[in-house]
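Residue numbering for the sequence shown is 255 to 308, as defined by our numbering. Heads up, the beta-carbon is just placed ideally off N, CA and C, and yes, glycines get one too. Computed from a predicted structure; not experimentally measured. The block underneath contains the structure these notes are about, expressed in structure tokens.
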Amino acid sequence: MKENEKWKNIPVIILSNLGQESDIKKGKEMGAAEYIIKADVDIEEIIKKSKKYM
């Protein structure tokens with residue numbers, strides 16, 4: 255998405271069960287604005303983080 259001119263300014267939030275440091279690093283390297291590990295947060299925290307990009 256980040257390579258496409260039409261989509262490159264849209265923030266990407268990764269919501270994943272994968273929480274290893276290598277997973278988080280890969281997500282950030284791919285351009286994710288946020289990497290959220292589902293098991294570590296509740297829905298309110300997901301909404302709060304998402305609203306930063308709206």
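Comparing alpha-carbon positions, the option among E259, M255, G285, I267 lying closest to I291 turns out to be I267. Rounded to whole angstroms, K256 and Y289 show a C-alpha spacing of 16 Å. In this structure, DSSP gives E259 a state outside helix and strand, which the three-state scheme calls coil.
Contact between A293 and G273 is confirmed by a C-beta separation of about 7 Å, below the 8 Å threshold.
Closest by C-alpha distance to V295, out of L269, K282, K262, is L269.
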